[in-house]
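Trainee: Below is a structure I'd like to ask you about.
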Amino acid sequence: MLLRSDILTEADGEAVAVENPEGAGICLFVCEHASRRMPERAGNLGLDSDALVSHIAWDPGALDVAKRLSGMLDGPLVYQRFSRLVYDCNRPPESPAAMPERSEIYDIPGNHGLTDAERYARTAALYVPFHDRVSAIAAARSARGQSTVIVTVHSFTPVYMGKQRDVEIGILHDEDSRLADSMLKAADGGPYRVERNEPYGPEDGVTHSLKLHGLPDGHLNVMIEVRNDLIRDEVGQGVVADYLAELIAKAIDTASQ
2 MLLRSDILTE
12 ADGEAVAVEN
22 PEGAGICLFV
32 CEHASRRMPE
42 RAGNLGLDSD
52 ALVSHIAWDP
62 GALDVAKRLS
72 GMLDGPLVYQ
82 RFSRLVYDCN
92 RPPESPAAMP
102 ERSEIYDIPG
112 NHGLTDAERY
122 ARTAALYVPF
132 HDRVSAIAAA
142 RSARGQSTVI
152 VTVHSFTPVY
162 MGKQRDVEIG
172 ILHDEDSRLA
182 DSMLKAADGG
192 PYRVERNEPY
202 GPEDGVTHSL
212 KLHGLPDGHL
222 NVMIEVRNDL
232 IRDEVGQGVV
242 ADYLAELIAK
252 AIDTASQ
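So in this note's numbering, spot 237 of the sequence shown is number 238, and the numbers just go up one at a time.
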């Protein structure tokens, strides 16, 4: 069993990374599935190399887009440094999806039969520091009199369980749809197929970070999903980030009125 102190070695470094923490812009960007890196002592969870580079391990392109948005809109960015297969920081500890035993077509042997102590260890080492950092940055901004909009950035695979997904950008929300409504309205007639709560929605348990950091304090909030074939290279990442930056800024102005 891996105890709390054993999950991340000194060589692994911190569980969470922050860029532009003092950003003066209104957005606080969050990227929960930024990396496919495995902690040294987690090994490969019994998966082969194909699985470990696939979308089940991370959101390809999401971090690159989030970094561009952070720069263009001058907002802090908090992102996870390890694979969501070890702990999915967009799921609460009690959720089976936090440490999934299966993802799409892949069985994950290293997540089978985890004891309560092992689940606690992963939660304490990965989930808690991540969300503590988001909360601390939001609280510091509030103390300085800065308004905050929570924007989480994700990507999704074009084909899931053999089914093609036509949506290109998903605008997701939980109970508070103010910002999502404004973004969808601003996106109407634009270059991408943009849809509400697609390819996932609140019923799939994907809005945990919004519920944790957006709803309690009334912050405008939204989750963005980008189909990952659109952001597989720097050119695509730049084009999508430019589009999203303009969409977000326009929608915030409208939603705040």
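Backbone N, C-alpha and C define an ideal beta-carbon position, used for all residues, glycine too.
All values derive from a computational prediction rather than experimental measurement.
Can you list, in chain order, the residues of its chain whose CB lies under 6 Å from that of Asp182, leaving out five sequence neighbours each side?
Mentor: Within the sequence shown, residue 182 is the residue found at index 181, counting from 1. Within the same chain, Asp182 has no close Cβ partners at all.
Trainee: Please list, in chain order, all residues of the same chain as Ser148 whose beta carbon is under 7 Å from its beta carbon, the five residues on each side excluded.
Mentor: Walking along the sequence shown from the start, residue 148 turns up at place 147. Excluding positions up to five away in sequence, the list reads Ile27.
Trainee: So is Asp60 buried or exposed if we call it buried at 16+ other beta carbons inside 10 Å?
Mentor: Here residue 60 is taken as the residue at index 59 of the sequence shown, counted from 1. Buried.
Trainee: Starting from Leu29, follow its DSSP beta bridges and name the residues at the other end.
Mentor: Mapped onto the sequence shown, residue 29 falls at position 28. Paired residue(s): Ile151.
Trainee: Relative to the C-alpha of Ala12, which residue among Phe30, Ala25 and Met39 is closest?
Mentor: One-based indexing of the sequence shown puts residue 12 at position 11. Nearest of Phe30, Ala25 and Met39 to Ala12, Cα basis: Met39.
Trainee: Is Lys110 near Leu46, with beta carbons less than 9 Å apart?
Mentor: Translated into positions along the sequence shown, residue 110 becomes position 109. Translated into positions along the sequence shown, residue 46 becomes position 45. Lys is not the amino acid found at residue 110; the sequence shown has Pro there. Going by C-beta atoms, Pro110 is nearer than 9 Å to Leu46.
Trainee: Looking at the structure shown, is Arg197 part of a helix, part of a strand, or coil, going by DSSP?
Mentor: Start at 1 with the first residue of the sequence shown, and residue 197 comes out as number 196. Correct three-state label for Arg197: strand.
Trainee: Would you kindly work out how many angstroms separate the C-alpha atoms of Gln81 and Ala140, rounded to a whole number?
Mentor: As a position in the sequence shown, residue 81 is number 80, starting the count at 1. As a position in the sequence shown, residue 140 is number 139, starting the count at 1. If you take the alpha carbons of Gln81 and Ala140, they lie about 19 Å apart.
Trainee: Who are the Cβ neighbours of Gly114 in its own chain at under 6 Å, not counting the five residues just before and after it?
Mentor: By one-based count along the sequence shown, residue 114 stands at place 113. If we look at Gly114 and ignore the five residues flanking it on each side, it has no Cβ neighbours.
Trainee: Counting along the chain, where does the alpha helix (DSSP H) carrying Arg145 start and finish?
Mentor: Indexing the sequence shown from 1 puts residue 145 at position 144. Element bounds for Arg145: n/a, residue is neither H nor E.
Trainee: Tell me the DSSP bridge mates of Ile106?
Mentor: Here residue 106 refers to the residue found at position 105 when the sequence shown is read from its first residue. According to DSSP, Ile106 bridges with nothing at all.
Trainee: Among Ser104, Thr153 and Pro93, which residue has its Cα nearest to the Cα of Gly215?
Mentor: Within the sequence shown, residue 215 is the residue found at index 214, counting from 1. Of the listed residues, the one whose Cα sits closest to Gly215 is Thr153.
Trainee: Distance, Cα to Cα, Ala52 vs Gly146?
Mentor: The count along the sequence shown starts at 1 and reaches residue 52 at position 51. The count along the sequence shown starts at 1 and reaches residue 146 at position 145. Roughly 45 Å separates the two Cα atoms.
Trainee: Near Met2, which residues of its chain fall below 7 Å by C-beta distance, leaving aside the five closest residues on each side in sequence?
Mentor: Numbered from 1 along the sequence shown, position 1 holds the residue referred to as residue 2. Low local confidence applies: a pLDDT of 38 at Met2 is under 50, so the model's placement there is unreliable, with the coordinate-based value given in what follows. Cβ within range, chain order: Thr116, Ala118 and Glu119.
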